[in-house]
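For reference, the structure discussed in these notes is given below.
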Amino acid sequence: MKKLVKLAVLAMITAFMSSSVLAATCEVQYTRTACPGKEKISYKKCKGKKSCSKFKEADTVGQCRAKATKSCGNKRYSITKSKVINAIYDGKQITTESGKADFCLEYANVSTEFNQCDK
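Following this note's numbering, the residues of the sequence shown are numbered contiguously, the last one being 1002.
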């Protein structure tokens, strides 16, 4: 019985380590432009700074691109005017499929979610 438990623990450790090895780091870099007078609340998600990075797991460059694009979303229209999102996958700068460094330039909802401060 003890041998079976040891084998189960070893199998779990091996499975955990192999999944950790497959996932690379996807660094999503955020730079926000706040609506006038809303800097403090807009930058709160970056601990009070205009720019910061958040690290996410991704198995492929495509997954990292998707996470970067999703990060462009803005629901705080009267607080955050716009964002610039860049990404680094496995230590290398990545771009959109068309080669743009700023993922928000190709974000589908940019016209409805950005530059809405006065509305």
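Heads up, the beta-carbon is just placed ideally off N, CA and C, and yes, glycines get one too.
Item to complete: Assign Lys-927 to buried or exposed, taking buried as 16 or more other Cβ atoms, counted over all protein chains shown, within 10 Å of its Cβ.
Response: Result: exposed.
Worksheet entry | At least 3 beta-carbon pairs within less than 8 Å: the region 949-957 vs the region 917-924 | With a cut-off of 8 Å, the region 917-924 and the region 949-957 do not count as touching, because too few Cβ pairs lie within range.
Worksheet item: For Asn-969, does the count of other Cβ atoms within 10 angstroms reach 16, so buried, or fall short, so exposed?
Response: Asn-969 should be labelled buried.
Worksheet entry | Between the CA atoms of Thr-978 and Ala-984 - distance to the nearest angstrom | Computed Cα separation, rounded: 5 Å.
Worksheet entry | Residues that Lys-966 bridges to, as DSSP identifies them | BP columns for Lys-966 point to Arg-915.
Worksheet item: Under the three-state reduction of DSSP, which class applies to Ser-994: helix, strand or coil?
Response: It is helical.
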